[in-house]
Amino acid sequence: MPESLTGILDRIIFFNEENDYVVGEVVIEGQKLPVVVQGKMPSPLCGETLEMEGEWTSTKYGRQFKVERCKQILPSSIHGIQKFLASGIVKGIGEKMAEKIVKKFGLDVFRVLDEESGRLREIKGLGADRAHALKQSWTEHKQLREAMIFLHGLGLGTSLCQRLIQRYGSPIKEIVEENPYALIGELDRVGFKTVDQIARNAGVPSHSKHRLKAGLEFALLQAEEDGHTALDRQDLLDAGARLLETPPEDLEHPLIELMESGAIVNVGSSPLLQNPRMQKYENSIATNLWKILQGTDQLPLLDSQKAIVWAQERAKISLTLEQSSAVQEALKEKIYILTGGPGTGKTTVLKTLIEILRAKKVSFHLASPTGRAAQRMSEATGMPAQTIHRLLKYNPDTRRWTYNESEPLPTQFLIVDEASMIDTPLLCALLKAVPDHAHLLLVGDADQLPSVGPGEILHDLINSGYFAVGRLQRIFRQNEGLILSTAHSLLQGEKHTPQFKKRIEQFDPKSDLNAFYAPTPESAAEMVVGLCRQIPRALGINPLNDVQVLVPMHKGNAGTINLNTLLQSSLNGHRPGMKFGSTQYMIGDKLLQTRNNYNKMLFNGDIGRVESFDALAGTLTALFGTERVTLERPELTDTALAYAISIHKSQGSEYPCVIIPIIKAHFAMLTRNLLYTAITRGKRQVILVGDPAAYQMAASRVQTNTRETGLKHYLTALQKSV
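Shown next, in the form of structure tokens:
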């Protein structure tokens, strides 16, 4: 049976804001020495009275009281009140002033602060202004404290309580009581499940209209996480029903209300529905694409055939007919899309085009969605390239792009590489900044995976039929090894499976593609770790800088989460570090940014290396390319270890050596373009680990255009109105 203990919290020895765990000293009436208590205690304050239930335990630090339940109440003793007021909770009251107030009013302090604050002026040295400020500070603290206790009573942790109170102040209590679902989307990482738990604890019925409508809106947001910008009406009802655990027919009327209020909108006359934000993005994309197409061409007159001959002689290169045609079309068409796989000569086309633009003194810019892709573009062309974010100069203070519809980019020709990676919001921002007179060249591999963010831009633009498209198909680098021939065999539907070896000792450094048999998740994970330790020595490369493990899935023994733990221990173990949540970050670790952080100019997919940490301050400093960035504790939520990353996150990058576990347990994710994308990330060496049958699964499964988007509908509607 639990024991009871009541006392005054005299000293906080340790407090973890993430889980509310406290170790503190409590003064018990009638006892000379304080006792040590430990357990969950939201927002503890020295001086408050604790009514606790729990049990006594023996530890290496002595006898302690382990708290199972705790009620925190205002102090009722002179010692507790003075300690409480001196703790800094009320601005303007320090130790000396707390002593004066308690000496004057004794146990009546809190009543005086609430009802007769004017009497504070009876204290020597306390004027009217300061007394008024103390009253305001006390009232504010009391309201916030009540809000904190209210939120804690709904099952929220201290960190989230503090964020909500910081965002809303004391009215948070009224907001939650009226409609807790209004909180969704107001704070990062406060989604439907979190708010639904708050609502249940607050007594909101499961059939509440607020809940059903919020569930439908959140189902659309979840669809965006899967890449959709819109959903078919019935698909939305079904998704909402699964989320809310209610029949789809119960959501018909809430959906009608959402549409009547404009919270969910139709995609033109189609059966698709989307939120207004996505409608704004896609409509803007379509509008600006048509504006560019119709804009006046300001390129100087030139004979493109003669220019191409001149550029080839100058660059000492020779173009094929399809490459030459691509250069001519890029110079002629206001918007041109160039697609082709690795080894088909896209870079040669770009270099030729750039030579001509430079000779004609045409202002041009090169950009790509990610820093790694921009760096590759710069190295390949010999000209400066930058990320789209840096090109548009995002201002984190104003949360706006410097270049936009009001301040267009000073360019006549914009070339964007890795266009398959561009998501809907980013393309919207980019096209707003492209002047109507400029040419736009989008370069990408249409067979790669679509963007991590919502939309399927490259496919939608190519399949619309409204824009000129060039496809490079001839492969120039067959003789360089198996990487390219295997990748292109996949695209042709050929299912020639590489020979899977059984032992690492059979690794052939002369071949650029090796495969090892490891049919189970456990054996695959073990093989990956062994390869990461041994293969770099055989190739003369760095295991941290030059090797990247690319994985179809996050969960499971052969998923990114477990592999990161194993690889960190194997390649970088026993180094100083700092724990955040369930992850231990160590100096030298590879670090992945998993969400855009505009304040630090870090973007989803960026990879850095941990340089230092400050456990006391909860900060970590990492080097991303040439940029040294310090991340605060809340920002670490958007990071992960990067020894193993998802294949999606690897888009736009090349690595000297990639290792790809591919087993039957990954079945749900195995598709031809996933495997194609992974293999084409390897520059010098690709190593497959797993089961030949899983390889066959991936090779035989063609992923069709499964993302629902509204862009094609807006393009068609605008084309009809032109």
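Residue numbers (my numbering): 77 to 798. Yeah, the Cβ is synthetic: ideal placement off N, Cα and C, and Gly gets one too. In this text, all values refer to a predicted model and were calculated from it rather than measured experimentally.
Limits of the unbroken alpha helix (DSSP H) element including residue i
{"i": "K285", "result": "K285 to E301"}
{"i": "E191", "result": "V185 to E191"}
{"i": "M603", "result": "P597 to L615"}
{"i": "Y752", "result": "R748 to I755"}
{"i": "M773", "result": "P768 to S776"}
{"i": "V271", "result": "F268 to N277"}
{"i": "Q388", "result": "S380 to A391"}
{"i": "Q404", "result": "L397 to K408"}
{"i": "F141", "result": "Element bounds for F141: not the alpha helix (DSSP H) but the beta strand (DSSP E), G138 to I149."}
{"i": "K159", "result": "I154 to L161"}
{"i": "S726", "result": "Unbroken run through S726: none, as it is neither H nor E."}
{"i": "D563", "result": "The residue you asked about is not Asp; residue 563 is Ala in the sequence shown. L558 to L567 is the extent of the alpha helix (DSSP H) around A563."}
{"i": "L534", "result": "I533 to S540"}
{"i": "V252", "result": "I248 to E254"}
Cβ-based neighbour list, residue i, same chain, cut-off 7 angstroms, excluding 5 preceding and 5 following
{"i": "Y244", "result": "I251"}
{"i": "F700", "result": "L678, D682 and G684"}
{"i": "Y542", "result": "L791 and Q795"}
{"i": "A769", "result": "K740"}
{"i": "P78", "result": "E129, G130, E131 and E144"}
{"i": "S540", "result": "K788 and L791"}
{"i": "R139", "result": "W132"}
{"i": "H59", "result": "In the structure displayed, the chain extends from 77 to 798; residue 59 sits before or after that span and is not available."}
{"i": "T573", "result": "P768, Y771 and Q772"}
Beta-ladder partner(s) of residue i, from DSSP
{"i": "K577", "result": "F592"}
{"i": "P737", "result": "V765"}
{"i": "V545", "result": "I413"}
{"i": "T659", "result": "F656"}
{"i": "M128", "result": "L81 and C146"}
{"i": "A624", "result": "Sequence inspection shows Gln at residue 624; the Ala mentioned does not correspond to that position. V734, per the DSSP bridge assignment."}
{"i": "Y97", "result": "N92 and K116"}
{"i": "G758", "result": "Y731"}
{"i": "L349", "result": "L307 and N342"}
{"i": "V55", "result": "Given a span of 77 to 798 for the chain in the structure shown, any question on residue 55 remains unanswerable."}
{"i": "N673", "result": "L678"}
{"i": "F700", "result": "E703"}
{"i": "T695", "result": "D690"}
Contacting residues, own chain, Cβ-Cβ under 6 angstroms from residue i (five flanking each side not counted)
{"i": "L426", "result": "T457"}
{"i": "L81", "result": "M128 and F141"}
{"i": "F91", "result": "V98"}
{"i": "P376", "result": "K436"}
{"i": "I149", "result": "T125"}
Neighbourhood of residue i by C-beta distance below 8 angstroms, restricted to the same chain and skipping five residues each side
{"i": "Q554", "result": "With a pLDDT of 49 at Q554, under the threshold of 50, the modelled position of this residue cannot be trusted, and the question is left open."}
{"i": "R777", "result": "L746, T747 and R748"}
{"i": "Q669", "result": "L678, F679, N680, G681, D682, I683, G684, F700, D714 and T715"}
{"i": "K392", "result": "none"}
Delimiting residues of the beta strand (DSSP E) encompassing residue i
{"i": "Y357", "result": "Premise fails: Y357 lies in the alpha helix (DSSP H), P352 to Q370, not in any beta strand (DSSP E)."}
{"i": "S645", "result": "Per DSSP, S645 belongs to no beta strand (DSSP E); it is in the alpha helix (DSSP H), T636 to N648."}
{"i": "M629", "result": "Per DSSP, M629 belongs to no beta strand (DSSP E) and is neither H nor E."}
{"i": "L518", "result": "H515 to G520"}
{"i": "I84", "result": "E79 to N92"}
{"i": "K180", "result": "It is not in any beta strand (DSSP E) - K180 instead sits in the alpha helix (DSSP H) that spans E171 to F181."}
{"i": "V528", "result": "Per DSSP, V528 belongs to no beta strand (DSSP E) and is neither H nor E."}
{"i": "L667", "result": "K666 to Q669"}
{"i": "D690", "result": "I683 to D690"}
{"i": "A718", "result": "Note, A718: premise wrong, no beta strand (DSSP E); not H, not E."}
Quick one: complete alpha helix (DSSP H) runs, 4+ long, within the stretch 434-508? When DSSP assignments are scanned along the stretch 434-508, the uninterrupted stretches of alpha helix (DSSP H) that are 4 or more residues long and fall wholly within it turn out to be 447-457 and 464-468.
The stretch 500-510 / the stretch 359-379 touching (three or more Cβ pairs under 8 angstroms): They touch, by the three-pair rule.
Is the number of C-beta pairs between the stretch 445-455 and the stretch 406-422 that are closer than 8 angstroms three or more? As far as the Cβ criterion goes, the stretch 445-455 does not touch the stretch 406-422, which means the pair count is below three.
I want to know whether the stretch 755-765 touches the stretch 304-319 - three or more CB-CB distances under 8 angstroms. Segment contact: the stretch 755-765 against the stretch 304-319, fewer than three CB-CB distances shorter than 8 angstroms; contact not assigned.
Count Cβ pairs between the stretch 582-590 and the stretch 689-708 that sit closer than 8 angstroms; are there 3 or more? Two segments are said to touch when three or more pairs of C-beta atoms, one from each, lie closer than 8 angstroms; by this definition the stretch 582-590 does not touch the stretch 689-708.
For the stretch 313-337, which segments carrying the beta strand (DSSP E) assignment without a break, of at least 3 residues, lie completely within its bounds, in sequence order? With a minimum length of 3 residues, no continuous beta strand (DSSP E) run stays inside the stretch 313-337.
Measuring CB atoms only, is the stretch 758-770 touching the stretch 526-544, in the sense that at least three cross pairs come out at less than 8 angstroms? Taking a contact to require three or more Cβ pairs closer than 8 angstroms, the stretch 758-770 and the stretch 526-544 do not qualify as touching.
Counting pairs of beta carbons, one from the stretch 729-737 and one from the stretch 703-715, are three or more of them closer than 8 angstroms? Touching, no, given that fewer than three Cβ pairs across the two stretches are closer than 8 angstroms.
Report yes or no: do the stretch 722-734 and the stretch 646-665 share at least 3 C-beta pairs separated by less than 8 angstroms? With the rule of 3 Cβ pairs closer than 8 angstroms, the stretch 722-734 does not count as touching the stretch 646-665.
Any contact of the stretch 515-531 with the stretch 462-474, i.e. 3+ C-beta pairs under 8 angstroms? No, because fewer than three Cβ pairs between the stretch 515-531 and the stretch 462-474 fall closer than 8 angstroms, the two stretches do not touch.
With three or more beta-carbon pairs closer than 8 angstroms as the criterion, would you say the stretch 109-116 touches the stretch 181-194? Touching, no.
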